[in-house]
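See structure below.
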Amino acid sequence: MAKSPDDKPEQDKDAEVPAPAADSGAAPAQQQQRQRVQVEIDDSKTIAMYANFCRVTGTPEELIIDFGLSPQPFGVPTQPIPVNQRIITNFFTAKRMLHALTLTIQRHEATFGVLETDVQKRVMPGIMTQAQVPQAR
Numbered sequence: 272m273a274k275s276p277d278d279k280p281e282q283d284k285d286a287e288v289p290a291p292a293a294d295s296g297a298a299p300a301q302q303q304q305r306q307r308v309q310v311e312i313d314d315s316k317t318i319a320m321y322a323n324f325c326r327v328t329g330t331p332e333e334l335i336i337d338f339g340l341s342p343q344p345f346g347v348p349t350q351p352i353p354v355n356q357r358i359i360t361n362f363f364t365a366k367r368m369l370h371a372l373t374l375t376i377q378r379h380e381a382t383f384g385v386l387e388t389d390v391q392k393r394v395m396p397g398i399m400t401q402a403q404v405p406q407a408r
């Protein structure tokens with residue numbers, strides 16, 4: 272969705288930021304409690320791109336995530352996949368991202384049903400059912 276330069280930054284209602292450290296006299300449960308706060312997000316310079324390919328590599332210090340668009344989304348690609356976006360982050364941020372993605376996928380599946388990631392299981396059942404039913408002549 273395109274935004275005009277006059278649009279104001281959005282607030283990420285799902286962003287979770289740890290509460291400031293409690294003083295030593297506070298109860299242990301209060302010290303561990305995390306508060307939800309609203310974080311302002313300025314996405315006015317964001318460029319959105321679609322990706323159907325993702326490669327994750329890394330070093331002991333960083334995680335590298337490449338996104339691209341495979342012209343041959345099924346089977347083994349016969350030509351190189353152009354990588355359009357690369358995100359390099361640390362493992363702490365990656366773990367927080369994993370948690371956020373997990374919660375988002377769980378909410379989606381609770382609403383719309385389980386996501387089958389195996390293409391063969393998504394595509395083949397309908398084809399297999401039709402192939403197994405003898406055609407009446």
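For the sequence shown, position 129 matches number 400 in this note's numbering, and the numbering has no gaps at all. Yeah, the Cβ is synthetic: ideal placement off N, Cα and C, and Gly gets one too. Just so it is clear, the structure is predicted and the values come from calculations on it, not from any experiment.
1. Considering only residues of the same chain and omitting the five flanking positions on each side of Q377, which have a CB-CB separation below 7 Å?
2. I need the DSSP call for T373, collapsed to helix, strand or coil.
3. Taking the alpha-carbon positions, what's the D337 to N361 distance?
4. List, from N- to C-terminal side, the beta strand (DSSP E) runs of 3 residues or more that fit wholly inside the region 314 to 375.
5. Can you tell which of G346, Q306, M320 has the C-alpha that lies nearest to the C-alpha of Q391?
6. Let's see if you can read the secondary structure: which residues bound the beta strand (DSSP E) around V310?
7. To which residues of the same chain is C325 closer than 6 Å at the C-beta, ignoring the five residues directly before and after it?
8. Which value, in whole angstroms, describes the spacing of the CA atoms of I318 and L369?
9. Let me check one thing: in DSSP terms, what residues is R378 bridge-paired to?
Short version:
1. Excluding residues within five positions, none has a Cβ falling inside 7 Å.
2. Under the three-state reduction of DSSP output, T373 falls in the helix class.
3. Approximately 14 Å between the Cα atoms of the pair.
4. List check, beta strand (DSSP E) in window: 324 to 329, 333 to 339, 354 to 361.
5. It is G346.
6. Annotation for V310: the continuous beta strand (DSSP E) segment containing it runs 310 to 312.
7. Once the five neighbours on either side are set aside, the close Cβ partners of C325 are F338.
8. Between I318 and L369, the C-alpha separation is close to 22 Å.
9. DSSP, once it has assigned bridges, lists no residue as partnering R378.
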